[in-house]
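A.B. asks:
Numbering (the numbering used here), first residue to last: -4 to 324.
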């Protein structure tokens, strides 16, 4: 909406609302309005409309009843939630989901910040560009390709890593990286870090680029070295960005956080041999829903994960505001 601006007698800007009819104002803004309404329609169709499916978690739904059955099926209350809590795999699935998510957060969240600080301090622009490009590139590779590459490197038969370890006498027999349950957590964290750390570096580099260069010049004149400039200028300046990104990461923690989808990674890297460590809430809900046709049960499992995510994001935001006076909302 356009507005006219003029200054009052006290030299304070006064905003005056335009008196043109609404339809004329909308017509003059037709292209911006087109973008806005297109985005709102997509948001409604793909994010809000499917939320009616949540009703299935509280109903005895059958796929034979179609979409209409979501509203007409019999209410069963918390039956499917109780069934999941009593499932013999419940503890193992929750343990795997939380362990993988928290390990990813702990080990992968500091990496983009460190990488951004290192790139900011790099003086050779060619080296800087090469490192930036090579670190961003894995983000655009799908998990299918990533798992294919991992299989090539870690295979027990002809994997590069096993061949090198055998050649240098470090091991006597090939290690089963892909099928050993004890190695799955490490495999999940390392592959996620390699794939997404460079992409999130963009956010922190953008925040660093907004710092006034005169602060560095003044600190340098006072004799501050690189580490002191990073500690006393760069990190405090990007503290707000770090907190906001951390809250977002915690909010989507069970889904994968900063480092992409937990589902795709666990589904593709998992197999019957390492299922003890690779089975998580999302893969279990997927198997229950599509493989066994238990849509109500799968919806209850997914809804439980969403409730935990909402609690995490509100809790982390409250904690951040309490400790640093900075929050997402």
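Even glycine gets a Cβ: it sits at the ideal position worked out from N, Cα and C.
If we ignore side chains and look at the alpha-carbon of each, how far apart do residue 207 and residue 215 end up?
C.D. replies: Each residue's Cα considered, the two are about 13 Å apart.
A.B. asks: Measure from the alpha carbon of residue 113 to the alpha carbon of each residue in 157, 182, 200 and 194, then state which is nearest.
C.D. replies: The candidate whose alpha carbon is nearest that of residue 113 is 200.
A.B. asks: Should residue 17 go down as buried or exposed, given a rule of 16 or more other Cβ atoms within 10 Å for buried?
C.D. replies: Residue 17 comes out exposed.
A.B. asks: Is it true that the CB of residue 248 sits closer than 7 Å to the CB of residue 307?
C.D. replies: Yes, the pair counts as a contact, with Cβ atoms nearer than the cut-off.
A.B. asks: From residue 196 to residue 316, what does the alpha carbon distance come to, in whole angstroms?
C.D. replies: Their backbone Cα atoms lie some 24 Å apart in a straight line.
A.B. asks: Would you check if the distance between the CB atom of residue 211 and the CB atom of residue 98 is smaller than 7 Å?
C.D. replies: In this structure, residue 98 does not lie closer than 7 Å to residue 211 by Cβ.
A.B. asks: Please classify residue 138: is it buried, with 16 or more other beta-carbons within 10 angstroms of its beta-carbon, or exposed?
C.D. replies: Buried, because 16 or more other Cβ atoms sit within 10 Å of the Cβ of residue 138.
A.B. asks: Terminal residues of the continuous alpha helix (DSSP H) containing residue 21?
C.D. replies: Here the alpha helix (DSSP H) through residue 21 covers 17 to 23.
A.B. asks: Whose CA, out of 38, 186, 53 and 58, lies closest to the CA of residue 78?
C.D. replies: For the residues 38, 186, 53 and 58, the minimum Cα distance to residue 78 belongs to 53.
A.B. asks: Any heavy atom of the ligand MN closer than 6 Å to the Cβ of residue 164?
C.D. replies: As presented, the structure is devoid of all ligands, the ligand MN included, so that no description of it is given.
A.B. asks: Would you identify the three-state DSSP class for residue 167, choosing helix, strand or coil?
C.D. replies: Three-state result, residue 167: coil.
A.B. asks: Check whether the segment 121 to 140 touches the segment 213 to 230, counting contact only when three or more Cβ pairs, one atom from each stretch, lie closer than 8 Å.
C.D. replies: No, the segment 121 to 140 is not in contact with the segment 213 to 230.
A.B. asks: Going by other Cβ atoms of all chains shown within 10 Å of its Cβ, with 16 needed for buried, is residue 122 buried or exposed?
C.D. replies: With fewer than 16 other Cβ atoms within 10 Å, it is exposed.
A.B. asks: Kindly indicate which residue of 289, 310, 318 and 191 has the alpha-carbon position closest to the one of residue 76.
C.D. replies: Taking only the C-alpha atoms, the option nearest residue 76 is 289.
A.B. asks: Can you list, in chain order, the residues of its chain with a C-beta nearer than 8 Å to that of residue 31? Leave out the 5 residues immediately preceding and following it.
C.D. replies: There are no such residues.
A.B. asks: State the DSSP-derived secondary structure class of residue 54, mapped to helix, strand or coil.
C.D. replies: If DSSP states are grouped into helix, strand and coil, residue 54 belongs with the strands.
A.B. asks: Let's see if you can read the secondary structure: which residues bound the alpha helix (DSSP H) around residue 107?
C.D. replies: Unbroken alpha helix (DSSP H) run through residue 107: 105 to 116.
A.B. asks: Spell out a yes or no on whether the segment 255 to 272 and the segment 49 to 69 are touching, meaning 3 or more CB-CB pairs, one atom from each, closer than 8 Å.
C.D. replies: Judged by Cβ distances under 8 Å, the segment 255 to 272 makes no contact with the segment 49 to 69, as fewer than three pairs qualify.
A.B. asks: Go through its chain and collect everything with a Cβ distance to residue 61's Cβ below 7 Å, but skip five positions before and after it.
C.D. replies: Nothing meets the Cβ criterion.
A.B. asks: Give the C-beta separation of residue 246 and residue 321 to the nearest angstrom, bearing in mind that I take them to be a contact with Cβ-Cβ under 8 Å.
C.D. replies: Not quite, the Cβ-Cβ distance comes to about 15 Å (not below 8 Å), so this is no contact.
A.B. asks: Only counting the same chain, and skipping five residues up and downstream in sequence, which positions put a Cβ closer than 7 Å to that of residue 88?
C.D. replies: Taken in chain order, the residues that qualify are 274, 275, 276 and 279.
A.B. asks: Considering only residues of the same chain and omitting the five flanking positions on each side of residue 261, which have a CB-CB separation below 6 Å?
C.D. replies: Counting only Cβ-Cβ distances below 6 Å, and skipping sequence neighbours, we find 273, 275 and 278.
A.B. asks: Taking a contact to mean a Cβ-Cβ separation below 7 Å, would you say residue 151 touches residue 176 in this structure?
C.D. replies: For residue 151 and residue 176, no; Cβs fall outside 7 Å.
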